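>
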Amino acid sequence: MWIQQKNTPAPVDELQGHTVGLKFECNKCHQDVFTASIGVPAAEHFATMPDDGQYETEQLKCPSCEMTHEITVTSNPKGVRFEVSEVKADQVYYQVQH
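Following UniProt numbering, the numbering of the sequence shown begins with 1 at its first residue and continues without gaps.
1. Using alpha carbons as the reference points, say which of Val92, Glu66, Glu70 lies closest to threonine 57.
2. Exposed or buried, asparagine 7, counting other C-beta atoms within 10 Å across all chains shown (16 or more means buried)?
3. Pull the bridge partners of asparagine 76 from the DSSP assignment, please.
4. How should alanine 36 be labelled, buried or exposed, when 16 other C-beta atoms within 10 angstroms of its C-beta is the threshold for buried?
5. My assumption, with CB atoms under 8 Å, is that threonine 74 sits in contact with tyrosine 55. Please give the rounded CB distance.
6. Taking a contact to mean a Cβ-Cβ separation below 8 Å, would you say glutamine 16 touches tyrosine 93 in this structure?
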């Protein structure tokens, strides 16, 4: 089941230790792009600033137009956020891989 990312971070306790798949629409050719499994990094509970946290960054080429998208997964005690370059946050969907 695909879950649309909202303006608030996804719950860290549901995602930490799991892998997720992401789905988003390429902003260049408007095709749906799906990622392989991406690990959710452990939240840094000793973060001193609200934006501090652990993150993973990957690059993915759109299979249709070859545009390179940068994907960043950030995890902190307040939650998990998925960012895709040049794609609005509410246009990113995720699902937990089992």
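Note that the Cβ used here is the ideal one computed from N, Cα and C, for glycine as well. Quantities reported herein were computed from a predicted structural model and do not represent experimental measurements.
Reading it off the structure:
1. Within the sequence shown, the letter at position 57 stands for residue 57. Closest by alpha carbon: Glu70.
2. For this step, residue 7 is matched to residue 7 along the sequence shown. So asparagine 7 ends up on the exposed side.
3. Locating residue 76 in the sequence shown gives position 76, where the first residue counts as 1. Paired residues: Gly79.
4. By one-based count along the sequence shown, residue 36 stands at place 36. So alanine 36 ends up on the exposed side.
5. The residue given as residue 74 occupies position 74 in the sequence shown. The residue given as residue 55 occupies position 55 in the sequence shown. About 4 Å separates the two Cβ atoms, so the contact holds.
6. Numbered from its first residue, the sequence shown carries residue 16 at position 16. Numbered from its first residue, the sequence shown carries residue 93 at position 93. Going by C-beta atoms, glutamine 16 is not nearer than 8 Å to tyrosine 93.
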